[in-house]
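In my numbering, the protein residues as written are 1 to 247.
Right, dumping it as structure tokens:
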């Protein structure tokens, strides 16, 4: 997959399954990792500290984002500083607001001032990107995760939004724009087109990378064979003979 080496956008793996971490860390094109509480719940993670330590052992010095799990800003701050204490390559995911809709910007400013690498998550509006950028300006390393996939779920094309989001923060060398919640492999190429710095991708989508550049005629034939073989294997039948005999 030499084509992937020519892409500017960095591909991260998004997940919480340790086997996926082990498998994907061997791929040189995977430049970092992310996770979140929802993915951790699906993976059956019930010991956060142990999970962090195991993941860090696997990923080495590649960037890895872990998320705070409180809804109160003072506790978020304490958790963020604790998470950062594990390793320098950790980015701490801070939601753009809490569940009451209260802005996280004051906390983000404090954490940035304290040297915490923040990954501001659940962002969907350009106004949010602008305000976050203002807070992060002149600070340490940071990521803004715009949930392009969720934007697309509403019927809105996320590419122009992501392109404009990058323009908004282009004068901030310490801040990277991340395309979050991709829904299909095409999103990697769209993230490249939109000049995103990073896209984080679920393993089941990453597994489709081998399809890039595949001959579509051969792919069409394989699809026909799949349908036929599945029809045979399932024992499906149609009463065509009865219809013919009754004509």
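All C-beta atoms in this analysis are idealised placements derived from N, C-alpha and C, irrespective of residue type, glycine included.
Here the structure is a predicted model, which is why all the values come from computation and not from measurement.
Residue i vs residue j beta-carbon contact at 8 Å
i: residue 137; j: residue 183; result: no
i: residue 68; j: residue 92; result: yes
i: residue 196; j: residue 225; result: no
i: residue 164; j: residue 126; result: yes
i: residue 107; j: residue 94; result: yes
i: residue 62; j: residue 33; result: yes
i: residue 12; j: residue 35; result: no
i: residue 145; j: residue 180; result: yes
i: residue 129; j: residue 169; result: yes
i: residue 159; j: residue 194; result: yes
Buried versus exposed, by CB contacts within 10 Å (16 or more), residue i
i: residue 147; result: buried
i: residue 60; result: exposed
i: residue 57; result: exposed
i: residue 22; result: exposed
i: residue 223; result: exposed
i: residue 112; result: buried
i: residue 162; result: buried
i: residue 206; result: buried
i: residue 154; result: exposed
i: residue 104; result: buried
i: residue 240; result: exposed
i: residue 139; result: buried
Member of the options whose CA lies at the smallest distance from the CA of residue i
i: residue 118; options: 82, 171, 150, 201; result: 82
i: residue 97; options: 131, 30, 218; result: 131
i: residue 40; options: 26, 56, 14, 57; result: 14
i: residue 109; options: 156, 141, 99, 100; result: 141
i: residue 10; options: 187, 1, 30, 3; result: 30
i: residue 55; options: 37, 72, 70, 17; result: 17
i: residue 149; options: 128, 199, 102, 111; result: 199
i: residue 102; options: 71, 88, 111, 129; result: 71
i: residue 25; options: 189, 46, 203, 5; result: 203
i: residue 84; options: 49, 99, 104; result: 49
i: residue 43; options: 218, 4, 19, 201; result: 19
i: residue 6; options: 53, 189, 99, 105; result: 189
i: residue 120; options: 143, 99, 28, 47; result: 143
CB contact check: residue i to chain D, cutoff 8 Å
i: residue 124; result: The structure shown contains no chain D; it is built from a single protein chain.
For the stretch 207 to 221 against the stretch 164 to 176, are there 3 or more C-beta pairs whose distance is under 8 Å? With fewer than three CB-CB distances shorter than 8 Å, the stretch 207 to 221 does not count as touching the stretch 164 to 176.
Report yes or no: do three or more beta-carbon pairs, one from the stretch 104 to 118 and one from the stretch 70 to 78, lie closer than 8 Å? The stretch 104 to 118 and the stretch 70 to 78 touch, with no fewer than 3 CB-CB distances between them shorter than 8 Å.
To test your reading of the DSSP string, which unbroken alpha helix (DSSP H) runs of 4 or more residues are found completely within the stretch 57 to 110? 73 to 84
Sequence ranges, beta strand (DSSP E) only - wholly within the stretch 143 to 190, length at least 3: Within the stretch 143 to 190, the beta strand (DSSP E) runs of at least 3 residues that lie entirely inside it are, in chain order, 175 to 179.
Ignoring anything shorter than 3 residues, give me the beta strand (DSSP E) runs that lie fully in the stretch 19 to 51, in order along the chain. List check, beta strand (DSSP E) in window: 30 to 34.
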